[in-house]
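Written out below as structure tokens is the structure these notes cover.
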Amino acid sequence: MCDTVFLTRDGKRCFGKNSDRSPNEAHLMLRSPAKDYAPGTLLRTTYLEIPEASHTYATVLFRPQGIWGAEMGFNEFGLNIGNEAVFTNVRRERKNGLIGMDLLRLALERTRNATEAAELIIDLIGQYGQDGNCGYDKTFYYHNAFLIADSQKTFVLETAGRNWVLQTAGDQTTISNCLSVRSDYDASSEGFSGDFKKRFENRLFTKVAGAERRRNLTAQTLSVESDPLTAVRESLRSHKNPNVTVRRSATDSPCMHAGNLFGDHTTGSYCGEINRMYFVTGASFPCMAVFKPISRAATVLPLDETTARRYWLKRELLHRHAMCDIGLEAEYRTEGSKLEAFYWDKSQSTTDDKALDALSTQAFAAEERLVNDLLRSAHKTSLRFGGNLYFRHYWKKKTRRLFDNYNDDIAAVLQSL
Numbered sequence: 001m002c003d004t005v006f007l008t009r010d011g012k013r014c015f016g017k018n019s020d021r022s023p024n025e026a027h028l029m030l031r032s033p034a035k036d037y038a039p040g041t042l043l044r045t046t047y048l049e050i051p052e053a054s055h056t057y058a059t060v061l062f063r064p065q066g067i068w069g070a071e072m073g074f075n076e077f078g079l080n081i082g083n084e085a086v087f088t089n090v091r092r093e094r095k096n097g098l099i100g101m102d103l104l105r106l107a108l109e110r111t112r113n114a115t116e117a118a119e120l121i122i123d124l125i126g127q128y129g130q131d132g133n134c135g136y137d138k139t140f141y142y143h144n145a146f147l148i149a150d151s152q153k154t155f156v157l158e159t160a161g162r163n164w165v166l167q168t169a170g171d172q173t174t175i176s177n178c179l180s181v182r183s184d185y186d187a188s189s190e191g192f193s194g195d196f197k198k199r200f201e202n203r204l205f206t207k208v209a210g211a212e213r214r215r216n217l218t219a220q221t222l223s224v225e226s227d228p229l230t231a232v233r234e235s236l237r238s239h240k241n242p243n244v245t246v247r248r249s250a251t252d253s254p255c256m257h258a259g260n261l262f263g264d265h266t267t268g269s270y271c272g273e274i275n276r277m278y279f280v281t282g283a284s285f286p287c288m289a290v291f292k293p294i295s296r297a298a299t300v301l302p303l304d305e306t307t308a309r310r311y312w313l314k315r316e317l318l319h320r321h322a323m324c325d326i327g328l329e330a331e332y333r334t335e336g337s338k339l340e341a342f343y344w345d346k347s348q349s350t351t352d353d354k355a356l357d358a359l360s361t362q363a364f365a366a367e368e369r370l371v372n373d374l375l376r377s378a379h380k381t382s383l384r385f386g387g388n389l390y391f392r393h394y395w396k397k398k399t400r401r402l403f404d405n406y407n408d409d410i411a412a413v414l415q416s417l
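Under UniProt numbering, think of the first position of the sequence shown as 1, with each following residue one higher.
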């Protein structure tokens with residue numbers, strides 16, 4: 001469950017996405033340099049082995065632990081892609097193929113612009129199909145929609161099995177866990193014509209996902225805020241109930257809080273002005289987490305999974321304690337908001353990549369000090385979740401499993417405080 005948004009206004013082209021996954025699935029922020037490969041090299045994706053490209057471009061990926069592909073990301077040319085689970089009436093092929101996150105990463109690594117990316121994803125779906133379990137601690141199969149944007153063009157690509165439609169996106173476009181393209185598309189898979197949404201959408205699963213409500217809410221937020229990049233950031237933080245707290249579930253909101261019978265949890269977020277600068281949380285709860293600037297090269301981000309995983313876990317531990325301690329939550333929000341506002345404002349006047357890298361390093365260091373200071377004392381207290389009975393039981397169970405699954409990493413995180 002996710003939401004992806006695009007907005008162009010005042011000469012700025014802005015993009016953003018939340019990654020909604022299992023609350024315990026680490027959200028990895030990773031950069032990968034450009035690479036060359038020898039002829040005949042094979043690539044192992046999440047489930048399938050395919051030929052590797054002779055050259056892959058430098059990428060910044062936001063990916064779930066254990067998945068080869070990514071939920072969202074951008075490459076050295078300013079190509080940005082976000083993918084969404086969509087629920088269709090096309091039966092699974094029941095053989096492992098490429099999953100949507102794999103398709104996204106392959107497009108970022110192998111193409112330079114939105115047109116090339118759409119064409120590659122379409123070709124790969126035709127060649128390999130899309131199938132495979134995309135869940136972390138549950139079985140979860142789905143097809144995919146993609147929002148694909150570069151400095152010139154933006155497309156919505158929606159799929160149902162090997163069927164697809166491609167639509168040029170408008171100045172304000174949002175996608176969620178629902179098919180949205182009707183009959184107004186630019187191209188389609190061979191043999192298809194008509195209303196794509198009407199023909200292929202599984203209405204029951206789509207309704208349970210609350211996708212239309214979330215899509216309407218992000219669109220509304222994009223329309224209210226005047227600055228386009230701020231609008232994109234705030235759309236990722238939006239809730240259906242503006243008074244919701246981190247002690248209540250909000251699975252009907254773009255900023256998704258787990259703790260309900262259905263729905264997932266926002267485990268990480270990013271937004272940015274395409275091919276200029278980006279902002280990332282590397283943490284769950286975008287309504288509470290700090291968005292920090294990164295440059296197009298994202299030199300502040302790690303190359304290895306262990307560092308990326310422990311970065312997320314440190315913030316996740318703090319967030320679990322903030323869910324149990326109103327005073328801690330208030331202090332974190334107050335100090336985090338000050339820090340975010342300071343570096344957000346400074347970044348707007350920073351146009352040089354080298355200067356932005358330096359500012360990014362400062363912002364990450366300042367946020368790290370804040371997290372360390374708060375977690376240093378908080379982790380010594382026991383976790384007692386509030387909320388209704390189901391919510392309390394849900395988070396108690398998830399947190400017990402978090403410590404079981406990441407025991408060594410958590411020990412290293414706490415030792416580093």
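Where is the CB? At the ideal position from N, CA and C, for every residue including glycine.
Here's a check: name, in chain order, each residue in its chain whose Cβ is nearer than 6 Å to the Cβ of residue i, leaving out the five neighbours to either side.
i       : result
Leu-30  : Leu-61 and Ala-308
Ser-189 : Asn-163 and Trp-164
Glu-76  : Tyr-57 and Ala-58
Ala-211 : Ser-176, Asn-177 and Cys-178
Ala-298 : Arg-31 and Val-60
Which same chain residues, not among the five before or five after residue i, have their C-beta less than 7 Å away from its C-beta?
i       : result
Lys-12  : Pro-228, Leu-229 and Glu-273
Phe-140 : Asn-133 and Cys-134
Ser-347 : Met-277, Pro-293, Leu-356 and Leu-359
Lys-197 : Leu-179, Ser-180, Val-181 and Arg-182
Phe-200 : Thr-88, Asn-89, Val-90, Ala-160, Asn-163 and Leu-179
Arg-92  : Asp-131 and Tyr-141
Ala-366 : Leu-339
Arg-213 : Lys-240 and Asp-252
Leu-124 : Leu-98, Leu-103 and Leu-106
Ser-238 : Leu-217, Thr-218, Thr-221, Ser-253, Pro-254 and Cys-255
Asp-10  : Pro-228
Please tell me whether residue i and residue j are closer than 8 Å, where the distance is taken between their beta carbons.
i           : j       : result
Cys-2       : Asn-202 : no
Ala-283     : Tyr-394 : no
Asp-171     : Thr-4   : no
residue 440 : Asn-216 : The question about residue 440 has no answer, for the chain in this structure spans 1 to 417.
Tyr-332     : Met-277 : no
Asp-372     : Gly-78  : Checking the sequence, you will find Asn at residue 372 rather than Asp. Contact: no.
Cys-255     : Gly-16  : no
Gly-194     : Ser-183 : yes
Arg-21      : Asp-264 : yes
Leu-104     : Tyr-128 : no
Glu-49      : Tyr-37  : no
Leu-402     : Asn-18  : no
Leu-166     : Ala-118 : yes
Leu-317     : Asp-409 : no
Phe-6       : Leu-147 : yes
Glu-335     : Leu-370 : yes
By a C-beta neighbour count over all protein chains shown, 10 Å radius and 16 as the cutoff for buried, is residue i buried or exposed?
i           : result
Gly-40      : exposed
Leu-42      : exposed
Val-156     : buried
residue 474 : Nothing about residue 474 can be read from this structure; the chain reaches only from 1 to 417.
Thr-173     : buried
Pro-33      : exposed
Tyr-311     : buried
Ala-341     : exposed
Arg-44      : exposed
Asn-80      : buried
Is residue i near the ligand GDP - that is, is its Cβ less than 7 Å away from at least one heavy atom of it?
i       : result
Arg-237 : In terms of ligand content, the structure shown is empty, and the ligand GDP therefore cannot be addressed.
Can you give the beta carbon distance from residue i to residue j, rounded, assuming they're within the 8 Å contact cut?
i       : j       : result
Thr-266 : Phe-285 : 7 Å
Asp-357 : Ser-295 : 5 Å
Asn-96  : Gly-132 : 5 Å
Leu-28  : Glu-305 : 6 Å
Less than 8 Å between C-beta atoms, sequence neighbours within five positions excluded: which residues of the same chain meet that for residue i?
i       : result
His-143 : Ala-85, Val-86, Phe-87, Thr-88, Val-90, Gly-100, Gln-130, Thr-159, Ala-160 and Gly-161
Arg-94  : Asp-131
Pro-302 : Met-29, Leu-30, Arg-31, Ala-308 and Tyr-311
Tyr-390 : Gly-259, Asn-260 and Leu-261
Val-413 : Arg-310, Leu-313, Lys-314 and Leu-317
Ser-54  : Asp-36, Tyr-37 and Pro-39
Give a yes or no on whether 8 Å exceeds the smallest Cβ distance from residue i to chain B.
i       : result
Ser-382 : Judged by its chain identifiers, the structure shown contains no chain B, having just a single protein chain.
Item to check | Cβ pair count under 8 Å reaching 3, the region 381-391 against the region 312-329 | outcome: yes
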